[in-house]
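Below: one structure, written as structure tokens.
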Amino acid sequence: MKKTITIQEGNGGKYSQKLYEDVFVPYLGKQTFSEGDAATLRIGSDFLAYTADSFTIKPLFFPGGNIGTLAVNGIVNDLACSGAIPKYMTSCFIIEEGFSKDTLSEVVKSLAAEAEQCKIRIVAGDTKIMAARELDQLIISGSGIGMFHPNKPKGIEFLQQGDEILINGNIGDHGMSIFLARNPEILSGGEVKSDCSSIAEIAQKAMEISEGIKIMRDPTRGGLGTVLNEFIRGTAWGIEIFEESIPVSPEVRTLCEMFGFDVLHLANEGKLTAIVSPGDGQRIMEAWNQYSVGKNAQKIGNVTKEYPGKVVMNLKSGGRKIIDMLGYDMLPRIC
Amino acid sequence: MKYSEEFKNKDGIHKLLNKIKGAAPKKNIKIMEVCGGHTMSIKRYGLSEMLPDTIKLISGPGCPVCVTPIHFVDQLISFVENNKNAILVTFGEMLRIPGSISSLGKLKSEGADIRVCYSPVEAIAHAEKNPSKDVVLVGVGFETTAPTIAAVVLEGKKKNLKNLYLLSSLKTMPVAMRAVLESGDVKLDGMICPGHVSAITGVEIYNFIPKEFGLPCTISGFEPIDLLIAIYDILMQIQKGISEVNIEYKRVVNSEGNQKASEILYTVFEPCDANWRGFGMLKQSGLQLKNEFKNYDASLAFNIPEVKEKENKGCICASIIRGADEPPSCKLFGKVCTPENPCGPCMVSDEGTCAAYFQYSVSRL
Chain R
0 MKKTITIQEG NGGKYSQKLY EDVFVPYLGK QTFSEGDAAT LRIGSDFLAY TADSFTIKPL
60 FFPGGNIGTL AVNGIVNDLA CSGAIPKYMT SCFIIEEGFS KDTLSEVVKS LAAEAEQCKI
120 RIVAGDTKIM AARELDQLII SGSGIGMFHP NKPKGIEFLQ QGDEILINGN IGDHGMSIFL
180 ARNPEILSGG EVKSDCSSIA EIAQKAMEIS EGIKIMRDPT RGGLGTVLNE FIRGTAWGIE
240 IFEESIPVSP EVRTLCEMFG FDVLHLANEG KLTAIVSPGD GQRIMEAWNQ YSVGKNAQKI
300 GNVTKEYPGK VVMNLKSGGR KIIDMLGYDM LPRIC
Chain P
0 MKYSEEFKNK DGIHKLLNKI KGAAPKKNIK IMEVCGGHTM SIKRYGLSEM LPDTIKLISG
60 PGCPVCVTPI HFVDQLISFV ENNKNAILVT FGEMLRIPGS ISSLGKLKSE GADIRVCYSP
120 VEAIAHAEKN PSKDVVLVGV GFETTAPTIA AVVLEGKKKN LKNLYLLSSL KTMPVAMRAV
180 LESGDVKLDG MICPGHVSAI TGVEIYNFIP KEFGLPCTIS GFEPIDLLIA IYDILMQIQK
240 GISEVNIEYK RVVNSEGNQK ASEILYTVFE PCDANWRGFG MLKQSGLQLK NEFKNYDASL
300 AFNIPEVKEK ENKGCICASI IRGADEPPSC KLFGKVCTPE NPCGPCMVSD EGTCAAYFQY
360 SVSRL
């Protein structure tokens, strides 16, 4: 049978993983498409973080952001999670012939404003135009460079029993926001705001406070459930999380119930999940609470030997269930 | 959310579990949750592992995707391949069921015009927006979904849409429940009856179960407390030596059902024999368009060549649907057959026994 690319290979879950392994890893090596968000470049005695990302979202404007703010935050957050202070980025625009110039201006304007707010400088860029219907409106692609913090995450190999797992606030807002923006007839008049924002400041704060950060990641496509699985997949460690400590807004919780979505698989664009040494969590969360993106920070679980290679959630009901990576979903092109 | 959070309350769950533990029989008993939605809730809330060891829950035939015969999947695929000017409108899960040689998902990835809908009503908008194309709605489901699909047909008629069709494998629940009981594949001590099917049909359709088979029945909602109350109710019936049909899900189900919905359903559809995966042909267990609506029947209006059926030999979905087997007894389960690469329908649907077992069950740890 002829093998073709399917839409779920872009959802950030298991299928994306398989696409990397089948097609990219054989030629480019494991590191290029590893789940880690940025590469480490050595120039003389200095180490730089370097990342690349591309952005395609429908609709281009959504409650809480647009493709421009998404591009900046996407690159900034990748650098921040790798333990770097974001410094420079590039942005390339691939545009469909016939696309509104005013809309493009609006996107570029908000991209510039967001970059300024995130203290990252846009230092190079490019534009390409494709004929009408050869592309759907607009794609932005970019890359970013940052300087590593001395307390950058140590890595998965330093996990230990009782390490604490933190998240900076309510999950699922971006995924739900896009779903509703795309299906306005489902919930007329209601909207959920995307969490699209930078987590660079709180990532830096965590590194200032603790020398015991093992890993940080922004759970975008595939959601928190997928990222937690990526942390411990194939290791001797497991993760135990607690349903009642996972922050979710009442609106998103109710909507998930209505549509049958698992909030752990909904995308985020302004979330940071970190695994830190036992005892460091409280101090980090107190510091995060001072920032608007960290107001609702929670400790959601622990690293444990009990479930090697698996993520298990202790349920409010008293039972337990396995949390898997996102498999199939019906919501492509969200970031 | 009202009527939802209070049925997930931890204290309530613990109280009920204690009551169930107190009332649990010494000998092993088997209770079938007929509906796929119940299977999913049981796994999602970790209920089966919290119950006493003597109470075993068996999944039944109430997952619409799972009981869809491979013949119907092939028919959909054949339709898409042979009618390039058509738009197929379907629930998302149908995309992933493997047919004999392909799947709708595969055809979609190759460019076929297949639109995933959240509600069948979306088919109307597709038909209105695309007057030069034929829009075919896929009908799968039970009494719960059938009234909405009937309403789409009625709306299409009212709007005089000439490009709207239905390709249907709709089914009704009671005959399959009888088939489970008559097959003797599994000896049951009680049945948790479907919640949303009952909201449409009322309770009468289950009366034969206590009457002819002497089994206690309870119609349950989908939250953990609903299901635990239903299980407790069945235990009480067993203890008292009675068998009747009780309603736990009173906030949604009444004994007469939703007569308006039933009326719409039977304005458009009439009972017919239907092919079920797991059971084969069951008399008067399906729904077909009545004569006056036959012009909406895609199977008559379009060229849909037959495909030679080829089931995956190792797949035991058929006996899982009947409650005769459980997922771990399947050689393919979790190895060859996973939610990413399903060999049979029970691994496809969120409500499928294998998918629920694979995704959530801590017994896999």
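Protein chains in written order, with numbering that gives the first Met the number 0: chain R, 0 to 334; chain P, 0 to 364. Cβ atoms here follow ideal geometry from the backbone N, Cα and C, with glycine treated the same way.
Do R:Phe230 and R:Ile155 come within 8 Å of each other at the CB atom, strictly closer than that value? Their beta carbons are under 8 Å apart, which means R:Ile155 touches R:Phe230 by this criterion.
What does P:Trp275 pair with, by DSSP beta-bridge criteria? Answer by DSSP bridge pairing, in chain order: P:Gly279.
Using the Cα positions of P:Ala85 and P:His125, report the straight-line distance between them to the nearest angstrom. Their Cα atoms are separated by approximately 11 Å.
Excluding five sequence neighbours on each side, which residues of the same chain lie with their C-beta closer than 6 Å to the C-beta of R:Ile274? Here the set comprises Asp162, Ile164, Lys213 and Ile214.
Please state whether the Cβ-Cβ distance between P:Tyr295 and P:Leu153 is less than 8 Å. In this structure, P:Leu153 does not lie closer than 8 Å to P:Tyr295 by Cβ.
With H, G and I counted as helix, E and B as strand and the rest as coil, what does DSSP make of R:Phe54? The answer is strand: DSSP assigns R:Phe54 an E or B state.
Which two residues bound the contiguous beta strand (DSSP E) that contains P:Val335? No beta strand (DSSP E) contains P:Val335, which DSSP labels as neither H nor E.
Hey, how far is the Cα of P:Gln358 from the Cα of R:Asn182? Inter-residue distance for P:Gln358 and R:Asn182 is about 28 Å (C-alpha atoms, whole angstroms).
Would DSSP call R:Gly300 helix, strand or coil? If DSSP states are grouped into helix, strand and coil, R:Gly300 belongs with the strands.
Exposed unless 16 or more other CB atoms sit within 10 angstroms - verdict on R:Phe23: Residue burial annotation: R:Phe23 is exposed, with fewer than 16 other C-beta atoms found within 10 angstroms of its C-beta.
Quick check: what's the CA-CA separation for R:Asn301 versus R:Val247? Their Cα atoms are separated by approximately 19 Å.
Chain-ordered neighbours of P:Leu46 on chain R, where CB pairs are closer than 8 Å: Those within 8 Å of P:Leu46 in chain R are Ser316 and Gly318.
Rounded to whole angstroms, how far is the Cβ of P:Phe141 from the Cβ of P:Met172, which I believe are closer than 8 Å? Contact flag correct, Cβ pair sits at about 5 Å.
With distances taken from CA atoms, which of P:His37, P:Gly98, P:Ile123 and P:Pro209 is nearest P:Lys158? When each option's Cα is compared against that of P:Lys158, the closest is P:Ile123.
Would you please verify whether the beta carbon of P:Ile12 is less than 8 Å from any beta carbon of chain R? So yes, P:Ile12 belongs to the interface.
Please look up how many angstroms separate the CB atoms of P:Ser58 and P:Glu32, rounded, as I've assumed it's under 8 Å. Rounded to whole angstroms, the Cβ separation of P:Ser58 and P:Glu32 is 6 Å, and the two are in contact under 8 Å.
Would you call the region 128-148 of chain R and the region 84-98 of chain R in contact, with 3 or more CB pairs under 8 Å? Note that the region 128-148 of chain R touches the region 84-98 of chain R; at least 3 beta-carbon pairs, one per stretch, sit closer than 8 Å.
Provide the residue span of the beta strand (DSSP E) that contains P:Cys34, from first to last. That run of the beta strand (DSSP E) goes Ile28 to Cys34.
Using the C-alpha atoms, what's the distance from P:Asn17 back to P:Lys239? Their Cα atoms are separated by approximately 19 Å.
Less than 8 Å between the C-beta atoms of P:Val64 and P:Ala149, yes or no? No. Outside cutoff.
Expressed to the nearest angstrom, what Euclidean distance is found between the alpha-carbon atoms of R:Phe54 and P:Leu288? For R:Phe54 and P:Leu288, the distance between alpha carbons rounds to 46 Å.
Residue from P:Ser360, P:Asn340, P:Ala355 and P:Val361 with nearest C-alpha to P:Lys105: Comparing Cα-Cα distances from P:Lys105 to each of P:Ser360, P:Asn340, P:Ala355 and P:Val361, the minimum goes to P:Asn340.
Distance, P:Met39 Cα to P:Thr352 Cα: Pairing P:Thr352 with P:Met39, the inter-Cα distance amounts to about 8 Å.
Cβ atoms of R:Ala79 and R:Asn167: under 8 Å apart, would you say? No; because the gap between Cβ atoms is not below 8 Å, this pair is not in contact.
Give the DSSP bridge partners of P:Asn245, in chain order. According to DSSP, P:Asn245 bridges with P:Thr217.
Residues of chain R with a CB under 9 Å from the CB of P:Asp349: which are they? Result: Gly259.
Look at the alpha carbon of P:His70 and the alpha carbon of P:Lys307, and state the distance between them as a whole number of angstroms. Each residue's alpha carbon lies about 9 Å from the other.
Our contact map puts R:Trp287 next to R:Ile170 with C-beta atoms below 8 Å; I'd like the distance itself, whole angstroms only. So it is not a contact: roughly 15 Å between Cβ atoms.
Would you mind telling me which residues of chain R sit closer than 7 Å to P:Arg43, beta carbon to beta carbon, in chain order? For P:Arg43, the residues of chain R that pass the 7 Å Cβ criterion are Lys320, in the order they occur in the chain.
Give the residues of chain P in contact with R:Glu20, contact being defined as C-beta atoms less than 9 Å apart. Residues of chain P passing the Cβ test: none, with the nearest at roughly 13 Å.
Report, in whole angstroms, the separation of the C-beta atoms of R:Thr126 and R:Phe92, which I expect to be a contact under 8 Å. Yes, R:Thr126 and R:Phe92 are in contact; Cβ-Cβ is about 5 Å, under 8 Å.
When the Cα atoms are used, what is the spatial distance from P:Ile76 to P:Cys34? The straight-line gap separating the alpha-carbon atoms of P:Ile76 and P:Cys34 is approximately 27 Å.
Provide the residue span of the beta strand (DSSP E) that contains R:Pro25, from first to last. From DSSP, R:Pro25 is part of no beta strand (DSSP E) but of the alpha helix (DSSP H) over Val24 to Leu27.
Continuous beta strand (DSSP E) stretch holding R:Asn313: start and end: For R:Asn313, the enclosing beta strand (DSSP E) has its first and last residue at Val310 to Asn313.
Pull up the distance between the alpha-carbon of R:Gln116 and that of R:Ala70, whole angstroms please. Going by the C-alpha atoms only, they are around 13 Å apart.
Beta-carbon proximity of R:Gly43 to R:Lys151, cut-off 8 Å: In this structure, R:Lys151 does not lie closer than 8 Å to R:Gly43 by Cβ.
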